[in-house]
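**Q** Just add 1101 to the spot in the sequence shown (first one is 1) and you have my numbering. Every residue gets a Cβ at the ideal spot worked out from N, C-alpha and C, and that includes glycine.
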Amino acid sequence: MLNPSIEKFLQLEDDLRRYRKALNAALDIMLEEDVSLYPIFILHQQELSMGVPVIDGNGNNGIWSVHASSLEEFVMKNIIQNDKVLDFQKVYKDHNHHFCLFVLSELGAQFIFYPRIEEIYQEYGALN
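(1) Is there contact between the stretch 1183-1196 and the stretch 1158-1165, where contact requires at least three CB pairs shorter than 8 Å?
(2) In whole angstroms, what is the alpha-carbon distance linking N1229 and K1178?
(3) Could you give the DSSP three-state label for Y1120: helix, strand or coil?
(4) Could you tell me the distance, in whole angstroms, from the CA atom of A1169 to the CA atom of E1134?
(5) If you run the structure through DSSP and keep just helix, strand and coil, what is Q1112?
(6) Need the endpoints of the beta strand (DSSP E) that L1205 sits in, please.
(7) Note the first and the last residue of the continuous beta strand (DSSP E) segment covering Q1182.
(8) For V1136, name the three-state secondary structure that DSSP assigns.
(9) How would you write the range of the beta strand (DSSP E) that G1209 sits in, first residue to last?
(10) From the DSSP output, in three-state form, read off L1149 for me.
The following block contains the structure:
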């Protein structure tokens, strides 16, 4: 039997594969509408009064719900402190290639940068 935290991670990965198309569409809309240069998707399994609902995690869609948010909302709600905004912007990966995910679970909260497309093959310089 797998460790419960490993099972959660595997379920998250499985759900993200299914959600990728919807996340891509939501991210494109956020960027086209100039909502933010730093979109953040919040993945959670409880009630959340932040962001805009994108995916409702019920048994058919997966167990993770997704809300679309932004760096600006995270600062407004004091999740990211004003003096840490530049640090966050430095580590934020290019949204042309990655989603910024904020994952909330009983294990805590963490940022994850997840590829927008499934990367089966990746360039490794002279090794390829």
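**A** Quick answer:
(1) No, because fewer than three Cβ pairs between the stretch 1183-1196 and the stretch 1158-1165 fall closer than 8 Å, the two stretches do not touch.
(2) Since pLDDT at N1229 reaches only 41, below the 50 mark, its modelled position is unreliable, and no value is offered.
(3) Assignment of Y1120 by DSSP, reduced to helix, strand and coil, places it in the helix class.
(4) Rounded to whole angstroms, the separation of the alpha carbons of E1134 and A1169 is 13 Å.
(5) Here Q1112 carries a helix assignment [DSSP, helix/strand/coil].
(6) Counting along the chain, the beta strand (DSSP E) containing L1205 begins and ends at H1199 to S1206.
(7) From DSSP, Q1182 is part of no beta strand (DSSP E); its letter is neither H nor E.
(8) Three-state result, V1136: coil.
(9) Per DSSP, G1209 belongs to the beta strand (DSSP E) from G1209 to P1216.
(10) Coil at L1149, not helix or strand.
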